Amino acid sequence: MEISNNVTGLLEQFNHTIQQWINQLDNYSIEMLCQRPQADAWSLGQVYIHIIEDTTFYLEQMKVALASKNRYAERSMRSLARTMFENNEFPDMALENPFNDIDLRPPQSKDEVLQGLTSIKEEVNQLFRHIDLSSAKGKTEHPGFAFFDAFEWLQFAEMHMRHHLRQKRRIDEKLFPYLLDDRGKFTA
Numbered sequence: 003m004e005i006s007n008n009v010t011g012l013l014e015q016f017n018h019t020i021q022q023w024i025n026q027l028d029n030y031s032i033e034m035l036c037q038r039p040q041a042d043a044w045s046l047g048q049v050y051i052h053i054i055e056d057t058t059f060y061l062e063q064m065k066v067a068l069a070s071k072n073r074y075a076e077r078s079m080r081s082l083a084r085t086m087f088e089n090n091e092f093p094d095m096a097l098e099n100p101f102n103d104i105d106l107r108p109p110q111s112k113d114e115v116l117q118g119l120t121s122i123k124e125e126v127n128q129l130f131r132h133i134d135l136s137s138a139k140g141k142t143e144h145p146g147f148a149f150f151d152a153f154e155w156l157q158f159a160e161m162h163m164r165h166h167l168r169q170k171r172r173i174d175e176k177l178f179p180y181l182l183d184d185r186g187k188f189t190a
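Numbering (my numbering), first residue to last: 3 to 190.
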């Protein structure tokens, strides 16, 4: 029962964070999404594409971990990852990732972004609604942080999206300050 309650909490947090990304998409035109704050930084649209691509990978890892029963169940994550999970957040700093490309493609349309995020949200919720939680002990390997089970992948996905909300805020402050109030929140 404890696992079930934990999954419910993780799903609520995941849904809240991905819904922020979905809701805030309304504040931008496709031209705004493609504007870079500086030459060596991603546009907001590229951040959205990064979120979609990485979260899709995490979702696939959740599925494999759930289907693998006890495969790699004894393996653990690296200490930096453990600290992140204990704090339930990434460090508040830019993190180097050798897989990130400054020339990541921008979105073709706002609808592409909306469909990508909505599809991920639906698929994650569907996945965790129809699993046998008692047998979900398998793990898969993250390229930088070692082994996560399906629930850890879900938490990691949420933390990753929340981490990029900080980047999004910096982009908004630089390019679109007129959209924000004094607290950095979107004006109605």
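Using N, Cα and C, we set each Cβ at its ideal position, and we do this for glycine too. These numbers come from a predicted model, not from an experiment.
**Report entry** Cα-Cα separation between Asn31 and Gln110, rounded to whole angstroms
**Finding:** In the sequence under discussion, the amino acid at residue 31 is Ser, which differs from the Asn named in the question. Going by the C-alpha atoms only, they are around 11 Å apart.
Query raised in the report: For Met3, does the three-state DSSP call read helix, strand or coil?
Result: Residue placement at Met3 cannot be trusted, given a pLDDT of 30 that sits under 50; what the coordinates show is reported in the next sentence. The DSSP-derived three-state label of Met3 is coil.
Query - Buried/exposed call for Lys123, threshold 16 Cβ in 10 Å - result: The residue in question, Lys123, is buried, as its Cβ has 16 or more Cβ neighbours within 10 Å.
Requested in this report: Measure the C-alpha to C-alpha separation of Met3 and Thr10 and round it to an integer number of angstroms.
Outcome: The predicted position of Met3 is uncertain, since its pLDDT is 30 and thus under 50; a value taken from the coordinates is nonetheless stated next. Those two C-alpha atoms are separated by around 11 Å.
Query - For Val126 and Glu14, the rounded distance between their alpha carbons - result: Here the alpha carbon of Glu14 sits roughly 11 Å from the alpha carbon of Val126.
**Report entry** DSSP three-state assignment for Phe149, whether helix, strand or coil
**Finding:** Three-state result, Phe149: strand.
Query raised in the report: Who are the Cβ neighbours of Cys36 in its own chain at under 7 Å, not counting the five residues just before and after it?
Result: Cβ-Cβ distances below 7 Å link Cys36 to Ser45, Gly47, Pro108 in the same chain, with the five nearest sequence neighbours on each side left out; the list follows chain order.
Requested in this report: Answer with buried or exposed for Thr191, where buried requires no fewer than 16 other C-beta atoms within 10 angstroms of its C-beta.
Outcome: Examination of residue 191 is not possible in this model, given that the chain is present from 3 through 190 alone.
Report task. Spell out a yes or no on whether the segment 132–146 and the segment 60–73 are touching, meaning 3 or more CB-CB pairs, one atom from each, closer than 8 Å. Result -> Contact between the segment 132–146 and the segment 60–73 is present, because at least three Cβ pairs lie under 8 Å.
Query raised in the report: In this structure, does DSSP put His144 in helix, strand or coil?
Result: His144: strand per DSSP, three-state reduction.
Query raised in the report: For Arg164, which option in Thr19, Tyr50, Leu12 has the closest C-alpha, if you only look at C-alpha atoms?
Result: Closest option to Arg164, Cα to Cα, is Thr19.
Query raised in the report: Mind checking Asp28: buried by the 16 CB within 10 Å criterion, or exposed?
Result: Burial call: exposed.
**Report entry** For Phe149 and Lys141, believed in contact at Cβ under 8 Å, the rounded distance
**Finding:** Contact between Lys141 and Phe149 holds, since their C-beta atoms are separated by about 4 Å, short of 8 Å.
Query raised in the report: So what's Leu35 in DSSP terms, helix, strand or just coil?
Result: Residue state for Leu35 is assigned as helix, using DSSP reduced to three classes.
Query raised in the report: Between Phe153 and the rest of its own chain, which residues show a CB-CB distance below 8 Å, the 5 nearest in sequence each way excluded?
Result: These residues qualify, in order along the chain: Ile5, Asn8, Val9, Leu12, Ala138.
Report task. Could you check what DSSP says for Leu106 in three-state terms: helix, strand or coil? Result -> Coil, per DSSP.
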